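Visitor: There's a structure below that I have some questions on.
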Amino acid sequence: MKDLDYDIIVAGGGTAGSAAAIAAARRGRRVLLVEEQNCLGGTSTSGGVGEWFASLEGMGNIFEAIARELGHFGVPDRGPRFFNPEHLKAAWQFMAEKAGVHVLFHASVCGV
Numbered sequence: 074m075k076d077l078d079y080d081i082i083v084a085g086g087g088t089a090g091s092a093a094a095i096a097a098a099r100r101g102r103r104v105l106l107v108e109e110q111n112c113l114g115g116t117s118t119s120g121g122v123g124e125w126f127a128s129l130e131g132m133g134n135i136f137e138a139i140a141r142e143l144g145h146f147g148v149p150d151r152g153p154r155f156f157n158p159e160h161l162k163a164a165w166q167f168m169a170e171k172a173g174v175h176v177l178f179h180a181s182v183c184g185v
């Protein structure tokens, strides 16, 4: 891999890592997100979790935006949400791309 210049490298594209990478990129940072799997979202996507029961209000702009993206697939914006994990994968991917996050799939961090 050629030398690349990033302000922030995030190890792991689960829910927290993806949200951190998107937040940093939205603030103008050059971000590399390194993910072992073939998708973002961690257990909420690759683990097949297809529902949220908690309210996302007050969780921050990123989670509210994810909920809006799921709305494009017919998922309600309030109350219990049941969805296809593939739709959540698409939502995370769209949000990362829109923010300008460079995602490296099928990769792991071996040292710092």
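Counting in the working numbering, the sequence shown runs from 74 upward without gaps.
We put the CB at the ideal spot given by N, CA and C, even for glycine.
Since the model is a prediction, treat every value here as computed from it, not as a measurement.
Would you mind working out which of Asp-150, Ile-82, Ala-140 sits nearest Ala-98, comparing C-alpha positions?
Guide: Mapped onto the sequence shown, residue 98 falls at position 25. The residue with the shortest Cα to Cα distance from Ala-98 is Ile-82.
Visitor: Reducing DSSP to helix, strand and coil, say where Arg-154 ends up.
Guide: Counted from its first residue, the sequence shown places residue 154 at position 81. Arg-154 falls in the strand class under three-state DSSP.
Visitor: Using a 10 Å radius around the Cβ and a threshold of 16 neighbouring Cβ atoms, would you call Cys-183 buried or exposed?
Guide: In the sequence shown, the residue the question calls residue 183 occupies position 110. Under this definition Cys-183 is an exposed residue.
Visitor: For Leu-113, name the three-state secondary structure that DSSP assigns.
Guide: Along the sequence shown, read from residue 1 onward, the residue named residue 113 stands at position 40. In this structure, Leu-113 counts as coil in the three-state DSSP scheme.
Visitor: The beta strand (DSSP E) that contains Leu-77, what's its start and end?
Guide: Numbered from its first residue, the sequence shown carries residue 77 at position 4. Segment: none, Leu-77 is in no beta strand (DSSP E) and carries neither H nor E.
Visitor: Roughly how many angstroms separate the alpha carbons of Gly-166 and Cys-112, rounded to a whole number?
Guide: By one-based count along the sequence shown, residue 166 stands at place 93. By one-based count along the sequence shown, residue 112 stands at place 39. Per the sequence shown, residue 166 should be read as Gln rather than Gly. In a straight line, the C-alpha of Gln-166 is about 8 Å away from that of Cys-112.
Visitor: What are the boundary residues of the alpha helix (DSSP H) that Arg-103 is part of?
Guide: Residue numbering aside, residue 103 sits at position 30 when the sequence shown is read from its first letter. Counting along the chain, Arg-103 falls outside any alpha helix (DSSP H), and DSSP gives it neither H nor E.
Visitor: With a threshold of 7 Å, establish whether the CB of Ala-97 neighbours any heavy atom of the ligand MG.
Guide: The model on display carries no ligand, and the ligand MG is accordingly not part of it.
Visitor: List the residues that DSSP assigns as beta-bridge partners of Leu-177.
Guide: As a working note, residue 177 is residue 104 in the sequence shown. Paired residue(s): Val-107.
Visitor: By Cβ distance, which residues of its chain are closer than 6 Å to Gly-173, with the 5 residues on each side in sequence left out?
Guide: Residue numbering aside, residue 173 sits at position 100 when the sequence shown is read from its first letter. Result list for Gly-173: Ala-98, in chain order.
Visitor: Could you tell me which residues DSSP pairs with Ala-84 in its beta bridges?
Guide: The count along the sequence shown starts at 1 and reaches residue 84 at position 11. According to DSSP, Ala-84 bridges with Val-107.
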